[in-house]
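**Q** Mapped onto the working numbering, the consecutive letters of the first sequence carry residue numbers 221 to 474. Here a beta-carbon is modelled for each residue, glycine too, at the ideal position from N, C-alpha and C. Model, not experiment: these values are computed from the prediction.
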Amino acid sequence: MKLATWNVNSLNVRLPQMLDWLTANPVDVLVLQETKLTDDKFPAAEIEAAGYQVHWFGQKTYNGVALLSRSAASDVIKNLPGFDDPQARVIAGTVDGVRCIGAYFPNGQAPDSDKFVYKMAWLEALQRFVAAELQTHEKLVLMGDFNIAPTDADVYDPIAWAGQIHCTPQERAHFQALQAQGLCDAFRLFEQAPKSWSWWDYRNLAFRKNQGLRIDHILVSQALKNEVRACVIDKLPRKNERPSDHAPVIIELA
DNA sequence: ATGTCGCGTGTGACGCGA
């Protein structure tokens with residue numbers, strides 16, 4: 221079973237690219253972030269024609285998530301229960317016995333901003349949600365754009381980024397709290413090339429200079445850890461003529 | 001380099017978010 225996450229930065233712009241990618245990478249589950257579409261504009265027919273079932277949850281201009289799967293997803297949840305949120309950031313469903321949670325974590329803008337306060341509140345709610353989901357789903361995968369670089373090894377210039385957004389101790393503590401719940405950063409189960417990133421700023425020729433961050437992650441529950449066969453970042457779509465600023469991350473389970 | 005995208009507003013540059 222293969223699962224993937226990709227922040228497409230507008231599905232309206234990236235739909236052809238995403239369909240091409242699925243043809244080349246026929247994963248069983250794909251979660252999307254930053255679809256930036258209201259639900260009435262979601263391209264369900266095109267995705268279904270490609271052989272996927274799909275659930276979506278969006279809004280105008282910002283955010284928006286989707287869950288694509290070969291098999292039907294059951295018990296689909298949109299956003300965090302009990303956390304009243306005008307922003308569409310979470311979609312979860314059970315596919316082939318695996319609880320799949322796709323999430324677009326808040327960016328947070330800057331550590332001294334209102335958006336950071338919101339990010340922290342959202343992360344608290346996520347911790348509670350994951351804890352509850354683990355009670356009923358032993359096999360669980362949390363994947364998406366976390367907007368957190370968990371360690372300095374996930375940052376191209378850790379000195380410049382020290383204490384900056386994505387790298388604050390508070391954000392990293394939340395990542396560690398997820399690990400303390402038994403979730404495992406699948407990418408780090410394997411030897412990886414140094415300077416492996418999942419996001420490169422559009423500015424400053426960042427991709428060409430490989431100046432990026434690893435902020436897109438796939439975390440697996442303890443019951444799945446021994447089933448993980450591979451976890452890779454696919455840089456290829458970032459080389460396209462009109463790329464998303466994020467690359468997809470893929471996991472293979474036994 | 002405050003260096004680029006994408007969206008919405010509303011017709012063409014600008015503000016916002018990332």
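Are there 16 or more other CB atoms within 10 angstroms of the CB of PRO457, so buried, or fewer, so exposed?
**A** As a position in the first sequence, residue 457 is number 237, starting the count at 1. Buried, since its Cβ has 16 or more Cβ neighbours within 10 Å.
**Q** Can the beta-carbon of ALA270 be found closer than 8 Å to that of LEU242?
**A** Indexing the first sequence from 1 puts residue 270 at position 50. Indexing the first sequence from 1 puts residue 242 at position 22. Yes, the pair counts as a contact, with Cβ atoms nearer than the cut-off.
**Q** Closest by CA to ALA373, which one among LYS256, VAL315 and GLN412?
**A** Here the question's residue 373 lines up with position 153 in the first sequence. Among LYS256, VAL315 and GLN412, the Cα nearest to that of ALA373 belongs to GLN412.
**Q** Taking 8 Å as the cut-off, does the region 327-347 touch the region 403-420 (at least 3 CB pairs, one atom from each stretch)?
**A** no
**Q** Please name the residue or residues paired with THR314 in a DSSP beta bridge.
**A** For the purposes of this step, residue 314 is taken as residue 94 along the first sequence, with counting starting at 1. For THR314, which the question treats as bridged, DSSP gives the partners SER294 and ARG319.
**Q** Starting from the N-terminal side, write out each stretch of the beta strand (DSSP E) that is 3 residues or longer and does not extend beyond the region 397-455.
**A** 436-440 and 448-453
**Q** Pull the bridge partners of PHE277 from the DSSP assignment, please.
**A** Start at 1 with the first residue of the first sequence, and residue 277 comes out as number 57. Per DSSP, VAL285.
**Q** Tell me whether LEU257 sits in a helix, a strand or coil according to DSSP, three-state version.
**A** The residue labelled residue 257 in the question sits at position 37 within the first sequence. Reduced to three states, the DSSP call for LEU257 is coil.
**Q** For PHE407, which residues in the same chain have their Cβ closer than 6 Å to its Cβ, ignoring the five residues on either side in sequence?
**A** Within the first sequence, numbered from 1, the residue matching residue 407 stands at position 187. Correct list, in chain order: CYS451.
**Q** My understanding is that GLN396 touches VAL350, with C-beta atoms under 8 Å, so please give their C-beta distance in whole angstroms.
**A** Taking the first residue of the first sequence as 1, we reach residue 396 at position 176. Taking the first residue of the first sequence as 1, we reach residue 350 at position 130. The pair is not a contact, with the Cβ atoms about 13 Å apart (cut-off 8 Å).
**Q** Skipping 5 residues on each side, what residues in its chain have a beta carbon closer than 8 Å to that of LEU439?
**A** To locate residue 439, count along the first sequence from 1; it is residue 219. Within the same chain, LEU439 has close Cβ partners VAL361, LEU362, MET363, LEU398, GLN399, LEU403, CYS404, ASP405 and ALA406.
**Q** Along the beta strand (DSSP E) that carries LYS222, what are the first and last residues, could you check?
**A** Working through the first sequence from its first residue, we reach residue 222 at position 2. Segment 222-227, the beta strand (DSSP E) holding LYS222.
**Q** Per DSSP, what kind of secondary structure is ASP372 in: helix, strand or coil?
**A** Your numbering for residue 372 matches position 152 in the first sequence. DSSP places ASP372 in helix when its eight states are reduced to three.
**Q** Pull the bridge partners of MET363 from the DSSP assignment, please.
**A** Walking along the first sequence from the start, residue 363 turns up at place 143. According to DSSP, which records beta bridges pairwise, MET363 is partnered with GLY322 and ILE438.
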